[in-house]
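Position in the sequence shown (from 1) plus 171 gives the number in our numbering.
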Amino acid sequence: MAADLEALLRVALPPLKLARRERYLKVRRCDPVAATVAAEELATVERIRGRLARQGWWN
Numbered sequence: 172m173a174a175d176l177e178a179l180l181r182v183a184l185p186p187l188k189l190a191r192r193e194r195y196l197k198v199r200r201c202d203p204v205a206a207t208v209a210a211e212e213l214a215t216v217e218r219i220r221g222r223l224a225r226q227g228w229w230n
């Protein structure tokens, strides 16, 4: 049972962390000082999301 939960979390957590990071970056993008870094990191998030979607992990 614990192994099943551990396997589920190993699969489910990366997309959740990615979504949370994206939400944080969208807020930071409104800050002129942080906008450049946020834009670069959002591009990275989009690349990761695309890879996860191709693998069937992201809708």
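Note that beta-carbon positions come from the ideal geometry of N, C-alpha and C, so glycine has one too.
Treat the numbers as computed from the prediction; the structure is a model and nothing was measured.
Inset, instruction - Specify whether the region 191-199 and the region 210-230 touch according to this definition: at least 3 beta carbon pairs, one from each stretch, less than 8 Å apart. - result: With a cut-off of 8 Å, the region 210-230 and the region 191-199 count as touching, because enough Cβ pairs lie within range.
Legend entry - Start-end ranges of the alpha helix (DSSP H) lying completely within the region 172-202, minimum 4 residues: Listed in chain order, the complete alpha helix (DSSP H) runs (minimum 4 residues) inside the region 172-202 are 173-199.
Inset, instruction - Alpha carbon to alpha carbon, how far is L184 from M172? Give it in angstroms, no decimals. - result: About 18 Å.
Legend entry - Rounded separation between A205 and R192 - CA only: Answer to the nearest angstrom: the Cα atoms are 14 Å apart.
Legend entry - 9 Å Cβ cutoff met for R220 and L180: Cβ distance not < 9 Å, so R220 and L180 don't count as in contact.
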